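Asker: Note that our numbering has the sequence shown beginning at 4, numbered continuously upward. The beta carbon of each residue, even a glycine, is placed where N, CA and C say it ideally should be. These figures come from a predicted structure and were not determined experimentally.
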Amino acid sequence: MDIQKIENIVRCFIEENKLIDQKDNLVIGVSGGADSMMILHFLVNNYDLKMVVAHVNHGVRWEAILDMNYVLDISRQWKIECKVYNCNINEISKKKKISVEEAGRQERYKFFNSLSDENTKIVTAHNKNDQVETMIMRFFRGTDTKGLGGILVKRNNIIRPILCLSREQIEFYCNFYNINFQIDHTNLMAIYTRNRIRLEFLPYIIEHINPNILNTLYSQGELYKEQEQFLSYYVQNFINQYVIVKEKSYAVYIKDLKNEFVYMQKKILLEIINLLINNLQNITSKHLEQAINLLNKSSGKQINLPNSIVVRRSYDFLEIGLFSYEDVNYEVKDLHIGENYFMNFQIKLKEIKFNSKTFKETTQNMYTKYIDYDKIKIGLQIRCRKAGDKIMLSSGTKKLKKYFIDEKVPLHMRSEVPLIVNDMEIVWIIGGPLNVDYYIHEDTKNILEISIEKMEVIC
Numbered sequence: 004m005d006i007q008k009i010e011n012i013v014r015c016f017i018e019e020n021k022l023i024d025q026k027d028n029l030v031i032g033v034s035g036g037a038d039s040m041m042i043l044h045f046l047v048n049n050y051d052l053k054m055v056v057a058h059v060n061h062g063v064r065w066e067a068i069l070d071m072n073y074v075l076d077i078s079r080q081w082k083i084e085c086k087v088y089n090c091n092i093n094e095i096s097k098k099k100k101i102s103v104e105e106a107g108r109q110e111r112y113k114f115f116n117s118l119s120d121e122n123t124k125i126v127t128a129h130n131k132n133d134q135v136e137t138m139i140m141r142f143f144r145g146t147d148t149k150g151l152g153g154i155l156v157k158r159n160n161i162i163r164p165i166l167c168l169s170r171e172q173i174e175f176y177c178n179f180y181n182i183n184f185q186i187d188h189t190n191l192m193a194i195y196t197r198n199r200i201r202l203e204f205l206p207y208i209i210e211h212i213n214p215n216i217l218n219t220l221y222s223q224g225e226l227y228k229e230q231e232q233f234l235s236y237y238v239q240n241f242i243n244q245y246v247i248v249k250e251k252s253y254a255v256y257i258k259d260l261k262n263e264f265v266y267m268q269k270k271i272l273l274e275i276i277n278l279l280i281n282n283l284q285n286i287t288s289k290h291l292e293q294a295i296n297l298l299n300k301s302s303g304k305q306i307n308l309p310n311s312i313v314v315r316r317s318y319d320f321l322e323i324g325l326f327s328y329e330d331v332n333y334e335v336k337d338l339h340i341g342e343n344y345f346m347n348f349q350i351k352l353k354e355i356k357f358n359s360k361t362f363k364e365t366t367q368n369m370y371t372k373y374i375d376y377d378k379i380k381i382g383l384q385i386r387c388r389k390a391g392d393k394i395m396l397s398s399g400t401k402k403l404k405k406y407f408i409d410e411k412v413p414l415h416m417r418s419e420v421p422l423i424v425n426d427m428e429i430v431w432i433i434g435g436p437l438n439v440d441y442y443i444h445e446d447t448k449n450i451l452e453i454s455i456e457k458m459e460v461i462c
């Protein structure tokens, strides 16, 4: 390897992507590992800019205090201001009910942004290996071309100047300049998905299938980014021409949307939802398919999506908007034996002949219930709440509104809780109680098993 070649790769990468300007201030995320130490050293020795080192002590590993002290020491030696944020990621992840990795990511960027102003660029040390690992993870979990493009070189005020370097090149740079770096021993343990890809999957591919897989996938990721740029341009052009912006809603000309391929219809609807709420969390392929199906329905038909989004057919338009609870006439869907879909849930119904011994050995939980099937006269349906809804509990009849208040269900989430109903009567509040009138008893002859599962979301 050639140190000058490595440095030129980074310089050219920064210039080509216009990552750093002379007026910029830099907040550099430094963990103490090889990647962050390399980019810190490079920036200090190549740019005369105001820089702040930002270090987060997640409080997860016993070595974390050593990492923090090392970053503080090196910052003093190199005469750079250093800011440290101490937190307990395990506690934060439990409180937010998210993974430790996601909690760490959120806390890092919250800290970095707290040190920033309008002239600040946040520098992270993601490299080519990180890029490839991310692409593989997203591929296995399910994604589209946008997800397969991997980590962006630049997103808002966040820049990644060494996304062009492999981990091997980074360590060579550190060794050449005698830069010490900390080693996170958890990275050497196959205890997380990313670690398994890094330690087991990629080495196998390199040895047995493609020794150049790192560069192959990295180049492929760049192609996906180019494709996504074209698709984004095409979608935006369509929206500018055929979409009418209203208050808290968008209206699309159905005739023009029908002229597009199904793939582009989904991309267009996805972008409209993103423009509407700036959040695609919990939006699945099934939701987009249901929305597209409305193109061939009569005026007045509609579906409800997560985050209080309603998609409805209105004469020549497909409307996507936010509506208050009182304005929404939620879709009611009939349920049948087998698989059913509603919102981002899959509901399975299975008929079972009653056997007291078998049933006693069967466990119930908050997402699987067993009811007396003989009590169902017309057929079950699934919907969200309506005015006047109530349920029979062991303590007596209770209004659904009162149940939500007692259970401290947030107001904005109440219209998204699915209900299994028998005509006008609530049979089961999904994730909550079962109507006592449908309990299994000694005279029961047929049991209906109802199970519900949340579907995967689009990345």
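Buried or exposed for GLU274, going by 16 or more other Cβ atoms inside 10 Å?
Answerer: Looking up residue 274 in the sequence shown gives position 271. Answer is buried; the Cβ neighbour count reaches 16.
Asker: By the 10 Å Cβ neighbour count, where 16 or more other Cβ atoms means buried, how is LEU338 classified, buried or exposed?
Answerer: In the sequence shown, the residue the question calls residue 338 occupies position 335. Buried, because 16 or more other Cβ atoms sit within 10 Å of the Cβ of LEU338.
Asker: Taking only the alpha-carbon atoms, compute the straight-line gap between GLU329 and ILE408 and give it to the nearest angstrom.
Answerer: Within the sequence shown, numbered from 1, the residue matching residue 329 stands at position 326. Within the sequence shown, numbered from 1, the residue matching residue 408 stands at position 405. Confidence is the limiting factor: at GLU329 the pLDDT is only 44, short of 50, which leaves the residue's position unreliable and the question unanswerable from this model.
Asker: Would you report the Cα separation of VAL13 and ARG64, rounded to the nearest angstrom?
Answerer: Here residue 13 refers to the residue found at position 10 when the sequence shown is read from its first residue. Here residue 64 refers to the residue found at position 61 when the sequence shown is read from its first residue. Whole-angstrom Cα-Cα distance: 32 Å.
Asker: Can you tell me whether GLN349 is helix, strand or coil according to DSSP?
Answerer: Mapped onto the sequence shown, residue 349 falls at position 346. The answer is strand: DSSP assigns GLN349 an E or B state.
Asker: Relative to the alpha-carbon of ILE95, which residue among LYS82, ARG111 and CYS85 has its alpha-carbon at the smallest distance?
Answerer: Within the sequence shown, the letter at position 92 stands for residue 95. It is ARG111 whose Cα lies nearest to the Cα of ILE95.
Asker: Taking the alpha helix (DSSP H) that VAL13 falls in, what are its first and last residues?
Answerer: Here residue 13 refers to the residue found at position 10 when the sequence shown is read from its first residue. Per DSSP, VAL13 belongs to the alpha helix (DSSP H) from 6-19.
Asker: Restricting to runs no shorter than 4 residues, where is the alpha helix (DSSP H) found entirely within the region 73-159?
Answerer: Taking only runs of at least 4 residues, the alpha helix (DSSP H) segments lying wholly in the region 73-159 are 92-99, 103-117, 131-144 and 148-151.
Asker: Alpha carbons only, please: which of ASN159, LYS378, LEU155 and TRP81 is nearest the one belonging to ASP116?
Answerer: By 1-based counting over the sequence shown, the position of residue 116 is 113. Reading off the sequence, residue 116 comes out as Asn, not Asp. Residue ASN159 is the option with its Cα nearest to ASN116.
Asker: Assign HIS58 to one of three DSSP states: helix, strand, or coil.
Answerer: For the purposes of this step, residue 58 is taken as the residue at position 55 of the sequence shown. HIS58 falls in the strand class under three-state DSSP.
Asker: Applying the 10 Å Cβ sphere with the 16-neighbour rule, what's the burial state of VAL424?
Answerer: Taking the first residue of the sequence shown as position 1, residue 424 is located at position 421. Buried.
Asker: Tell me the rounded alpha-carbon separation between GLU174 and GLU334.
Answerer: Along the sequence shown, one-based indexing puts residue 174 at 171. Along the sequence shown, one-based indexing puts residue 334 at 331. Rounded to the nearest angstrom, the two C-alpha atoms are 57 Å apart.
Asker: Starting from the Cα of MET138, find the closest Cα among VAL103, GLN185, ALA106 and LEU217 and give me that residue.
Answerer: Taking the first residue of the sequence shown as 1, we reach residue 138 at position 135. Comparing Cα-Cα distances from MET138 to each of VAL103, GLN185, ALA106 and LEU217, the minimum goes to LEU217.
Asker: Of the choices GLN284, ASN285, TYR253 and ASN262, whose alpha-carbon is the least far from that of LEU272?
Answerer: Locating residue 272 in the sequence shown gives position 269, where the first residue counts as 1. The residue with the shortest Cα to Cα distance from LEU272 is TYR253.
Asker: Count the CB pairs spanning the region 65-76 and the region 162-173 that are closer than 8 Å, and state whether there are at least three.
Answerer: They do not touch, by the three-pair rule.
Asker: Check each candidate in GLY153, LYS21 and LEU437 and name the one with the smallest Cα separation from LYS228.
Answerer: If you number the sequence shown from 1, residue 228 lands on position 225. It is GLY153 whose Cα lies nearest to the Cα of LYS228.
Asker: Distance check for GLN268 and GLU445, CA to CA, integer angstroms please.
Answerer: Looking up residue 445 in the sequence shown gives position 442. Looking up residue 268 in the sequence shown gives position 265. Distance between the alpha carbons of GLU445 and GLN268: 53 Å.
Asker: By how many angstroms is the C-alpha of ARG417 removed from the C-alpha of VAL430?
Answerer: Position 427 of the sequence shown, counting from 1, holds the residue named residue 430. Position 414 of the sequence shown, counting from 1, holds the residue named residue 417. One C-alpha to the other measures close to 17 Å.
Asker: Under the rule that 16 or more other beta-carbon atoms within 10 Å means buried, what is ASP5, buried or exposed?
Answerer: Counted from its first residue, the sequence shown places residue 5 at position 2. The residue in question, ASP5, is exposed, as its Cβ has fewer than 16 Cβ neighbours within 10 Å.
Asker: Here's a check: name, in chain order, each residue in its chain whose Cβ is nearer than 6 Å to the Cβ of ILE455, leaving out the five neighbours to either side.
Answerer: As a first step, residue 455 is located in the sequence shown; it is residue number 452 there, counting from the start. Hits under 6 Å: PHE348, ILE350, TYR370 and ILE433.
Asker: Please report the Cβ distance between VAL55 and VAL30, rounded to the nearest whole angstrom; I am assuming they are in contact, meaning their Cβ atoms lie under 8 Å.
Answerer: Indexing the sequence shown from 1 puts residue 55 at position 52. Indexing the sequence shown from 1 puts residue 30 at position 27. About 5 Å; that satisfies the 8 Å criterion.
Asker: With three or more C-beta pairs closer than 8 Å as the rule, is the region 283-299 touching the region 308-319?
Answerer: Enough Cβ pairs lie closer than 8 Å, so yes.
Asker: Quick check on the DSSP output: the alpha helix (DSSP H) that includes ALA390 runs from which residue to which?
Answerer: One-based indexing of the sequence shown puts residue 390 at position 387. It is not in any alpha helix (DSSP H) - ALA390 carries neither H nor E in the DSSP assignment.
Asker: What's the gap between the Cα of VAL331 and the Cα of ARG388?
Answerer: Within the sequence shown, residue 331 is the residue found at index 328, counting from 1. Within the sequence shown, residue 388 is the residue found at index 385, counting from 1. Bear in mind that the predicted position of VAL331 carries a pLDDT of just 45, short of 50, making it too unreliable to give a figure here.
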